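Peer 1:
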Amino acid sequence: MRVSSLMRTAVVAMVGFCAGSAWGQNTGTASQPAKEQRSSDQSSTDQPVRSARVDSALSDYRPVPGISGSIKSVGSGTMNNLMGHWREEFNRFYPGVRIEVEGKGSGLAPTALASGASQFGPMSREMKASEIEEFERNVGHKPTQLRVGIDCIAIFVHRDNPLTELTMAQAKRVFSVDGASMTWGELGVTDPAFKDRPIGLFGRLSNSGTYGYFKEHVLENADFKKGVREMEGNAGVVQAVGADRFAMGYASFGYKTADVKPLRIKGEEGGAIMPSYETAESGEYPIARYLYVYLNHAPGQTLDPLRAEFVRMMLSRVGQECVLKDGYYPISATVAKEELAKVGLEVAPAAQGTPRQ
Amino acid sequence: MSGLVGAPKSGRRSTAGAVYSVDRLMSGVIHVGGIGVLAAVLGICVYLVATVLPLFDGGRVKPDIAPEQRLDLPAGAQLAALDEYGLGAVFASLDAQRPGLEVRRTDTGERAARLELPASDSPWSAAAFDAGGSLRPLAALGARDGSVSTGVVSLSRGGDGRVPEALVEFARALEPAEALGAVRLLDVTESTAGRRFVVAVHERGARFGAARGGRSGVGGRRSDGLFLERAVPIENPDLVRSVFVSRDGQNVFAVRSDGQVERYWAGADGPGGAGAFVKADTLPMLAAGDVTAARMLLGGQTLVLGSSAGAVVAMSVAPDPLAPTPDARRMVVTDSWRIGRGAVTTLGISRRSRMLIVGDAQGGLTLRHMTSGKVIADVPGAGGGGGEGSIVAAAVFPRDDRMLGLDAQGRLTRLVVDVGHADASMKALFGKVHYEGRLTPEYVYQTGKGDDSSERKMSLVPLIWGTLKATLVAMLFAAPLAVLAAMYTSEFMDPRVRKVVKPTIELMASLPSVVLGYIALVVLAPFVAEWLMALMVGLLLVPVAVVGAAQLWQLVPAGVRSKVRPGRGWAHLLLVGASLGLALFATVRLAPVLEARLFAPSESDVRVASGLFNDAGTAPASVSAWLGARSSVTREEERRLRREGLYFVDGKLVTPDTSAPLPEASVSRAGSLRVWLDGARGEAWPGWLLVLGVPCVAIAWLIVLRVVPATGAGGDAGRFALALALGLGGAVGVSFALGGAGFDARDSVLGPFNMQNALVVGIIMGFAVIPIIYTIAEDALRGVPASLRSASLGAGATPWQTAVRVVLPSAGSGVFSACMLGLGRAVGETMIVLMATGLVAEMNTSLFSGFRTLAANIAVELPEAERLGTHYRLLFLCGLVLFAMTFVINTTAEVVRQRVRKRSAQL
């Protein structure tokens, strides 16, 4: 009881902190409490979620001599923490490299990259056609997209809610204007305390990549119901759902707390799937997406050593452990290899299997 | 001034030169500063307007290529694809002599390359290219033997003036079907998850194919290339002139040449279900003439038809509970419009936005945005009636930067288009728009998009509504409290206490609104949710108790009163505190009792909820008129039914079964305000009582004070008791009357309870506003000359009469200004709204739902908006509207203040 109230306070503090930092210069290592909060949640998970582990086939990162300079990253607020963790890791290998991380929104990444103001553009969504075009007009070639992690989006209900699974079609009806406002009974809940009560809906702010992803893939581009309340950050959604017995909301799975329960999602084919690393990676779990880092890299040219090493580090085991630490899922070794090839890098064969120093 | 400075001090007769120069300097600085401020404000205004104005610009068009370029094609060739830059166009011909794909330059019409169609056992008989559903240039080919292949025809990256190479990839989707005959018509699309759907109309029947799995690995099963096949029961396949499949694979549309559109539905299990499609509904094209062109708009939800009479009609499928279709949806016409020039001959779409290009019989091209209704380009053709000059192919380039037209004589038109802000128009921003997938035109604000194909909804009306609602609720809470507090502090409070109280309240103003928003979200919202009934009861009980206590105090013998001397120091506060405490205690005790009684479900409600009901049989005419044959009703409709003594359970009308005994412990009979608010059960009148209690008592008191002489029995306390009784009685009476007349507060001021609601935000915003109003109002009240007060008191008026009749009117303009300043703060408040309302762009009057204000909307969306893009300018327009609103408020306030001041000066 005491622990859970403490945790609620922590979430609450985090929401306030995130919101506060959104208005200041949201640079540097923002929201440190978020990380602690989440790691404590993992232990108190009451659902049989298979724990994710970094693909053992991923290569270790081995530093190379002669790396110096400075790096700037401008982009997604969602990935702000992640970039911060990568900065820490990279600075452990190369203390002399100055790294600045600015996370105010994915929409800022393309322009900053094109103008040369930044070297890395983390984005929680794919660049839109118009953004790619604008980039190409300014730079002469298309931006390079690297997949750096997997964001598994869960639909949460309050922990007391008897509902355990939801089909994609139901999710669309619940959240979109395509369906009328619904009660829990219409989703098959028979508990009299829930049956006739309307479903309270929560989601992310309309400027977030998760909002856009959910709208495209779950609502199939239909509109959100007007009553879907938009909360600041994944933690905001989870907190709101955890405080309301009749609520449902979508947020990144990694932000799960003891107050909420993720639903199994049933696609049109196959059974109901619990979000997990394996199911997201294989595509069984229907609502997961990649997280991206964009680069300004002319095709056919070699990447400068500083950026090359940063990319290598992000896609190495250490880098992917950061992804995991941050509540997202790491990519597989196969994907990492594909991504390295995009910028003309190879997995150093000598580095495989040898422990990091 | 110089007289003062130059007053003789130590024998000097004249002012020092330095003093003059300082004087001149300062007056210069003040002038510059003043003009600078004016210029800055004007500059901001000009900048806002300059940023916003381009939204309303039309598009610009200019010819791109030398005139009289020709592109001669074999008859029946179809425009299949354009490359990304629009340098090359692929034309497909299924002509038996020379089937194949030709790549032509779009500037000169020259042939750049020729490719063969994919090999097939039997000749190709039908093709569909560049379908509107997905963002990818999909294609489908159908053969004489009935087989269907789907794939992509795209052009590689050209650039530098080189014509790109065509890439053709196809794979078999549907196997040959001898019984159905050759494929006549086709369509293909891909869902948001990359799942491909294809529909084919054969000579004798129609088929639908759905791929198993989609494109991506993460977030969806990867396709294995196999298709599930289903039949589509189209009755007369030979009458169908075009066929389309919606992007979600749920619907197949068959367009007949007589203008009828038939819709076939995939069934409850979706496109992957079993069995044949079901015929859902038919929509006759409303405009005159035959259908001459049909096209799916980007996004694969809106079907656009062009007629021989020059009409263009857009239709989409909208949910309608009244529709007599198996899926409770029907096709609705969302837009219809007429081109000025003869028949529509061809339609083309943009791959980037919801623009449509219309080619007509006179060789003209019209580019129009289908949401905003803005005509971006209207290019009359070379003329030459009789159909020779009619457009046979029209396209918008993939980047929306050029458009292409090709007429029947092979004349090529290519134009550079600057589409500007195509989806913004007065109608789209301030009017009701009939968006796709909606039954009726609506005000909707939802700019967050899925992919590029989703329709952006930019109506500012819900945001203006939200701003007004937020302001109103906040002011209803804050203004009376702050003004009364100011009156109390300035007129009745001991100066020693005031010295502590006033700075404390002013300190509240220094609380950052982020902190207030955070408190609203985390502390107040759950508190209100838990103590909702107590809060509503307390709103009435607390003021009544405090005023009542003061009245009772008057009954205490004067001797005792003078000993305690309540007019001085803390004794006053003690009395207020004691009555407050008592009121709170009473509230907490009384609220659950009232809640359980007032908001209990009726006996009929309980019977129906416990399963004791009979089938109602045929509904009375008054009900069946609007109810129709539907499977679900909304809460409003359920309440409407309930007033007729009917209930709606599991899709049918029922009446409570009164013969059976009520089971003992079946359904809880105790009332709950939140359940009552969320549902349709219980009586209507207690809701009105909640709303009307406070105003009725207040009005009754005012009336009693005027009408009943103070010298009556019991004096002031008696009058107060009378007012209380009258007010409460009146409130109950009015509530009963309203409830009896069929009005339910849940349809208007009350509604389903959300934890993030206007009440919570109003209270917290009130906290932000109270210090401002309080401080200024208090200063104004204290500024009233003491002589007025003394005269009034000396003439025998009580302190209260003096305060209300003399001080308040004299300080009226100041108090009014204070309220207006508070209002200005409330209108622009951002962080509290952002954090604690859920930012829902709803337009309702419910106290228990949230809202989205202009200011919070700007704060949330600006970081993600592309600089100088439509969304960016839209947010600046929000700023401009906000500016206009505060401007109007302040100007009105100033005018009113001037009048009030004039009146108070006469005092």
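Respectively, the protein sequence lines represent chains A and B.
Read in the numbering used here, the first sequence has 260 at position 260, and its numbers run on one by one without any break.
Just add 1000 to wherever you are in the second sequence, counting from 1, and you've got the numbering used here.
Every residue gets a Cβ at the ideal spot worked out from N, C-alpha and C, and that includes glycine.
Here the structure is a predicted model, which means the values were calculated and not measured.
Which residue's Cα is closest to the Cα of Q119(A): V228(A), G66(A), E100(A) and R197(A)?
Peer 2: E100(A)
Peer 1: Just to confirm, is the Cβ distance from K342(A) to L146(A) under 8 Å?
Peer 2: yes
Peer 1: Does the CB of V1019(B) have a neighbour CB from chain A at under 8 Å?
Peer 2: no
Peer 1: Jot down the residue ranges of each uninterrupted alpha helix (DSSP H) in the stretch 1492-1570 of chain B, minimum 4 residues, whole runs only, in chain order.
Peer 2: Assignment of alpha helix (DSSP H) within the stretch 1492-1570 of chain B, counting only whole runs of 4 or more residues, yields 1495-1508, 1513-1519, 1525-1530, 1532-1555 and 1558-1564 in chain order.
Peer 1: Any idea what DSSP makes of R229(A), helix, strand or coil?
Peer 2: strand
Peer 1: Taking 8 Å as the cut-off, decide whether the C-beta atoms of A1453(B) and G1273(B) are in contact.
Peer 2: What sits at residue 1453(B) in the sequence shown is Ser, not Ala. No, these two residues do not count as a Cβ contact at 8 Å.
Peer 1: Would you kindly report the start and end of the unbroken alpha helix (DSSP H) that includes I1703(B)?
Peer 2: W1685 to V1707
Peer 1: Leaving out five residues on either side along the sequence, give the residues of the same chain with a beta carbon under 7 Å from the beta carbon of R1136(B).
Peer 2: V1152 and E1190
Peer 1: Would you list the residues sitting across from I99(A) in a DSSP beta bridge?
Peer 2: I71(A)
Peer 1: For P262(A), list the residues DSSP reports as bridge partners.
Peer 2: F156(A)
Peer 1: Express the C-alpha separation of K337(A) and L1138(B) in angstroms, rounding to a whole number.
Peer 2: 30 Å
Peer 1: Please list, in chain order, all residues of the same chain as A1680(B) whose beta carbon is under 7 Å from its beta carbon, the five residues on each side excluded.
Peer 2: R1635, E1638, R1639 and R1642
Peer 1: For the stretch 1453-1472 of chain B against the stretch 1814-1833 of chain B, are there 3 or more C-beta pairs whose distance is under 8 Å?
Peer 2: yes
Peer 1: Thinking just about the alpha-carbon of each residue, which of G1869(B), D1258(B) and E1203(B) is nearest to the one in T1051(B)?
Peer 2: G1869(B)
Peer 1: Would V1835(B) count as contacting chain A if we go by Cβ distances under 8 Å?
Peer 2: Rather than Val, the amino acid found at residue 1835(B) in this sequence is Met. So yes, M1835(B) belongs to the interface.
Peer 1: Exposed or buried, P48(A), counting other C-beta atoms within 10 Å across all chains shown (16 or more means buried)?
Peer 2: For P48(A), the pLDDT reaches just 35, beneath the cut-off of 50, and the residue's location in the model is therefore unreliable, leaving the point undetermined.
Peer 1: Around the C-beta of V1888(B), are 16 or more other C-beta atoms found within 10 angstroms, so that it is buried, or is it exposed?
Peer 2: exposed
Peer 1: Residues of chain B with CB closer than 8 Å to the CB of D178(A), please, in chain order.
Peer 2: P1319 and G1437
Peer 1: Classify Y1047(B): buried if its beta carbon has 16 or more other beta carbons within 10 angstroms, exposed otherwise.
Peer 2: Counting of Cβ neighbours within 10 angstroms places Y1047(B) among the exposed residues, the total staying below 16.
Peer 1: Quick test of your reading: H1202(B) and G1146(B), contact by CB under 8 Å. State the CB separation rounded to the nearest angstrom.
Peer 2: 6 Å
Peer 1: So M1315(B) and L1283(B) are supposed to be a Cβ contact under 8 Å. How far apart are they, rounded?
Peer 2: 6 Å
Peer 1: Looking only at DSSP bridge pairs, what is V1769(B) linked to?
Peer 2: Partner(s): none; V1769(B) has no beta bridge.
Peer 1: Buried or exposed: A30(A), going by 16 or more other Cβ atoms within 10 Å of its Cβ?
Peer 2: Bear in mind that a pLDDT of 37 at A30(A), under 50, signals an unreliable position, so the model cannot answer this.
Peer 1: Take P1063(B) and list the residues in its own chain whose beta-carbon comes closer than 7 Å to its own, dropping the five residues that flank it on each side.
Peer 2: Cβ within range, chain order: L1415.
Peer 1: Any heavy atom of the ligand NAD within a distance shorter than 7 Å of the CB on S1372(B)?
Peer 2: For the structure depicted, the ligand NAD is absent and the ligand set is empty, with no information on it obtainable.
Peer 1: Can you name the residues of chain A whose CB is closer than 8 Å to the CB of S1453(B)?
Peer 2: Per Cβ cutoff of 8 Å: N221.
Peer 1: Indicate whether at least one CB of chain B lies closer than 8 Å to the CB of N376(A).
Peer 2: Outside the shown range of chain A, which is 1 to 357, sits residue 376(A), and nothing can be said about it.
Peer 1: Counting only beta-carbon atoms, is L1877(B) nearer than 8 Å to chain A?
Peer 2: no
Peer 1: Got a sec, what are the start and stop residues for the alpha helix (DSSP H) K1062(B) sits in?
Peer 2: K1062(B) -> not in any alpha helix (DSSP H); beta strand (DSSP E) instead, spanning R1060 to P1063.
Peer 1: Note down, in chain order, every chain A residue with its Cβ under 7 Å from the Cβ of S1632(B).
Peer 2: What S1632(B) touches in chain A: A180.
Peer 1: Who are the near neighbours of G1651(B) in its chain, counting only those whose CB is closer than 6 Å to its CB and skipping five residues on each side?
Peer 2: S1631
Peer 1: Any idea if A361(A) is buried or exposed, counting beta-carbon neighbours within 10 angstroms, 16 or more meaning buried?
Peer 2: For residue 361(A) there is no data in the structure shown, the boundaries of chain A being 1 and 357.
Peer 1: Decide if M1(A) is buried, meaning its Cβ has at least 16 other Cβ atoms within 10 Å, or exposed.
Peer 2: Since pLDDT at M1(A) reaches only 39, below the 50 mark, its modelled position is unreliable, and the value read off the structure follows with that caveat. Taking every protein chain shown into account, the CB of M1(A) has fewer than 16 other CB atoms within 10 angstroms, so this residue is exposed.
Peer 1: Quick one: does N207(A) have its CB under 8 Å from some CB of chain B?
Peer 2: Judged by the 8 Å Cβ criterion, N207(A) is in contact with chain B.
Peer 1: Restricting to Cα atoms, I'd like to know which of A308(A), A251(A), E284(A) and I287(A) is closest to L295(A).
Peer 2: Ranking the options by Cα distance to L295(A), first place goes to A308(A).
Peer 1: Taking just the CA atoms, how far does V1433(B) sit from P1164(B)?
Peer 2: Within the model, the alpha-carbon separation for P1164(B) versus V1433(B) is close to 41 Å.
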